[in-house]
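J.: If you read the sequence shown in this note's numbering, its first letter stands for residue 8, the second for the next number, and so on.
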Amino acid sequence: MSYTRSTLPTELVLNISNNIKNWQDRYQFALTSRHHWHCIIKSYSLREVHLKDERNLLKIKVARSFVLSLGLRAERDVSKAVRFLTVCAKLRDIVITGSITATSQIEKILRAASQRDRMHSISIAVTPRDYNRWSQVLDKQKFKAGVINLTCDIIDDDEDASTTTTAANNTAELNLEEYMASVKYKKCAYSGRSQELTAQNSHAVALELGSYFVGSIVCFDQIKILIASLDIFFHIENIDDCAYTNQWLDETVFSKLHMKSERGNNFFELSLIVDGCIELLVVGGLAVINGGSAEPFLGSSVKPLNRAKVLDGDLIARKIFVPTNPKATIQTERLLRQYYKRDSCKPWSFHLEELYSIGFHPIHPLHAGDHPSISSLPLTIQSDLLRLYALRRIDRSLLALMFNAIRESSMIEKECKLLNFTGTSFFELYNAMTISGK
């Protein structure tokens, strides 16, 4: 395989690749440069491939699952599977259909899988009629093949693995025009900010963008998403220390569905990119897939897409519709992993008021007790303490309320193991616990 030299930015490579709809053409584009190849391999992920019919090396390379159909020529099918096991960089699951004719075939698959650096464990799904035979072979060959963690799951006989990726396509397409007409939507016409972005005007810009895009609809080919909550990040140095200093080549408004992976779990995030440096990360909304029913999600992971498994990799779209009349919004702090940074308490999270008022919004680490689904006193107190830490101030009235809530609850006796405690402050509670050795 020979490559030409390429210095194109990764973002531009992915933009070009995303606009290539045919996988064979995308494969040819990836082959033009080692840089192109690595960019595409790293960013794309395909739910499954069928080894019997698949010949596209790129699809096999990025597949998370492959289906192995064992027919009359099972030896050939197994050899093909073993060969592809050395290629699949993201493989997690194998679906086996058909019967085994030789235990040595299973051993070949397990040995090939165990020799892959990226493969820590494999999930193998088989039909009920073959389950016992597979289990016996797996128990015998597991140590010999060197597989550390192997599970064998049952799939139904009548489940045709070849139709799992296309079943959703049989539903009716959502009539977007009728829906937009009923709620008065218009195509996004945001033309960019009129002045240079600075730390002084960043809050005003956040207010403008939050009010404009909350309640908007983002449209991909098979997916429509209504944005109910979003967090705004400024990817510019010295403006937002909770965001990376990152720039996009495209300075127009576009939306991006991006696959991420954390601790072995893959999920999708939806972001709107504005002016090439401002990210509006969607943290709550409703997703409609292939014209089906609207499915809610809260948090940055668009969970309906994880379940539906209709995406092969990242997607970019410019079809964005905003309310003709801006919707009322609620502002909170953003959903972050930590709150020790300078800008962590900026109120740059925006929520659709009509949904927020009925409890449809993420549970916030700084305001857990305000969410209608939270009734845990310890969790509420932990959240209040975290908020005081994040704000870097001492609120004596809040501390007094927290102490009274603890004293009137069962926490003093159950968690603190103190009987007949009569103190009036956290200091006295601390001393009592210290004396008691708690």
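Just so it is clear, CB atoms sit at the ideal spot from N, CA and C, and this is done for glycine as well.
Every value quoted in this text rests on a predicted model; they were computed, and no experiment measured them.
If you draw a straight line from the C-alpha of Tyr192 to the C-alpha of Gln338, how long is it?
T.: Position 185 of the sequence shown, counted from the first residue, corresponds to residue 192. Position 331 of the sequence shown, counted from the first residue, corresponds to residue 338. The alpha-carbon atoms of Tyr192 and Gln338 are separated by roughly 22 angstroms.
J.: Leaving out five residues before and five after Ala397 in sequence, what residues of the same chain have Cβ atoms less than 7 angstroms from its Cβ?
T.: As a working note, residue 397 is residue 390 in the sequence shown. For Ala397, where only same-chain residues beyond five positions count, the Cβ hits under 7 angstroms are Tyr346, Ser351, Cys352, Leu373.
J.: Excluding sequence positions up to five away, which residues of its chain have a Cβ less than 6 angstroms from the Cβ of Arg400?
T.: Taking the first residue of the sequence shown as 1, we reach residue 400 at position 393. Within the same chain, Arg400 has no close Cβ partners at all.
J.: Applying the criterion that 16 or more other CB atoms from any shown protein chain within 10 Å of the CB defines a buried residue, is Phe433 buried or exposed?
T.: For the purposes of this step, residue 433 is identified with residue 426 of the sequence shown, where counting begins at 1. It is exposed - the Cβ of Phe433 has fewer than 16 other Cβ atoms within 10 Å.
J.: With burial defined as no fewer than 16 other Cβ atoms inside 10 Å of the residue's Cβ, what is the status of Arg394: buried or exposed?
T.: As a working note, residue 394 is residue 387 in the sequence shown. Per the 10 Å Cβ criterion, buried.
J.: My understanding is that Cys249 touches Leu342, with C-beta atoms under 8 angstroms, so please give their C-beta distance in whole angstroms.
T.: The residue you call residue 249 lines up with position 242 of the sequence shown. The residue you call residue 342 lines up with position 335 of the sequence shown. That pair is no contact at about 11 angstroms.
J.: Could you check whether Lys49 and Ala70 sit closer than 8 angstroms to each other, using their CB atoms as the reference points?
T.: Locating residue 70 in the sequence shown gives position 63, counting from the first residue. Locating residue 49 in the sequence shown gives position 42, counting from the first residue. Going by C-beta atoms, Ala70 is not nearer than 8 angstroms to Lys49.
J.: Per DSSP, Glu269 is paired with what?
T.: The residue given as residue 269 occupies position 262 in the sequence shown. Answer is Asn272.
J.: Please classify Val56: does DSSP put it in a helix, a strand, or coil?
T.: What you label residue 56 is simply residue 49 of the sequence shown in a count that begins at 1. Val56 falls in the strand class under three-state DSSP.
J.: Could you tell me which residues DSSP pairs with Gly292 in its beta bridges?
T.: Position 285 of the sequence shown, counting from 1, holds the residue named residue 292. Bridge partners of Gly292: Ile234, Phe304.
J.: For the beta strand (DSSP E) that contains Thr336, what are its first and last residues?
T.: Looking up residue 336 in the sequence shown gives position 329. Element bounds for Thr336: 336 to 339.
J.: Beta strand (DSSP E) containing Ile327: first to last residue?
T.: Numbered from 1 along the sequence shown, position 320 holds the residue referred to as residue 327. Here the beta strand (DSSP E) through Ile327 covers 326 to 330.
J.: Inspect the beta-carbon positions of Phe357 and Thr336 and report whether they are closer than 8 angstroms.
T.: Position 350 of the sequence shown, counting from 1, holds the residue named residue 357. Position 329 of the sequence shown, counting from 1, holds the residue named residue 336. It is a contact, given that the beta carbons lie within the stated cut-off.
J.: Would you mind reading off the limits of the alpha helix (DSSP H) that contains Lys68?
T.: By 1-based counting over the sequence shown, the position of residue 68 is 61. Unbroken alpha helix (DSSP H) run through Lys68: 64 to 69.
J.: Alpha carbon to alpha carbon, what distance is there between Phe428 and Glu302?
T.: Here the question's residue 302 lines up with position 295 in the sequence shown. Here the question's residue 428 lines up with position 421 in the sequence shown. In a straight line, the C-alpha of Glu302 is about 49 angstroms away from that of Phe428.
J.: Identify whether Glu114 lies in helix, strand or coil by the three-state DSSP scheme.
T.: Position 107 of the sequence shown, counting from 1, holds the residue named residue 114. Here Glu114 sits in helix by DSSP.
J.: To which residues does DSSP link Glu286 through a beta bridge?
T.: The residue given as residue 286 occupies position 279 in the sequence shown. DSSP lists Phe240, Ile280 as partners of Glu286.
J.: Tell me, please, whether the CB atom of Gln112 is closer than 8 angstroms to any CB atom in chain E?
T.: Note that chain E does not occur in the displayed structure, where there is just one protein chain.
J.: Quick check on DSSP: helix, strand or coil for Lys225?
T.: As a working note, residue 225 is residue 218 in the sequence shown. Here the sequence assigns Val to residue 225, which means Lys is not the residue at that position. If DSSP states are grouped into helix, strand and coil, Val225 belongs with the strands.
J.: Please name the residue or residues paired with Phe261 in a DSSP beta bridge.
T.: Taking the first residue of the sequence shown as 1, we reach residue 261 at position 254. Phe261 is bridged to Ile280.
J.: Considering Ser24, what are the terminal residues of the alpha helix (DSSP H) in which it resides?
T.: On the sequence shown, position 17 is the one that residue 24 refers to. Its alpha helix (DSSP H) spans residues 17 to 25.
J.: Can you tell me the Cβ-Cβ gap for Asp321 and His242, rounded? I've got them flagged as a contact below 8 angstroms.
T.: Your numbering for residue 321 matches position 314 in the sequence shown. Your numbering for residue 242 matches position 235 in the sequence shown. Rounded, the Cβ-Cβ distance is 18 angstroms, inconsistent with contact.
J.: Within 10 angstroms of its Cβ, does Ile442 collect 16 or more other Cβ (buried), or is it exposed?
T.: The residue labelled residue 442 in the question sits at position 435 within the sequence shown. Ile442 is exposed by the Cβ-count criterion.
J.: Would you call Pro311 buried or exposed, if buried means 16 or more other Cβ atoms sit within 10 Å of its Cβ?
T.: Residue mapping note: residue 311 aligns to position 304 of the sequence shown, counting from 1. Counting Cβ neighbours within 10 Å, Pro311 comes out buried, since at least 16 surround it.
J.: Just verifying my parser: in three-state terms, what is the DSSP assignment at Ala132?
T.: Position 125 of the sequence shown, counted from the first residue, corresponds to residue 132. Three-state DSSP puts Ala132 in a strand.
J.: What is the DSSP secondary structure of Phe367, counted as helix, strand or coil?
T.: For the purposes of this step, residue 367 is identified with residue 360 of the sequence shown, where counting begins at 1. Of the three classes helix, strand and coil, the one that applies to Phe367 here is coil, per DSSP.
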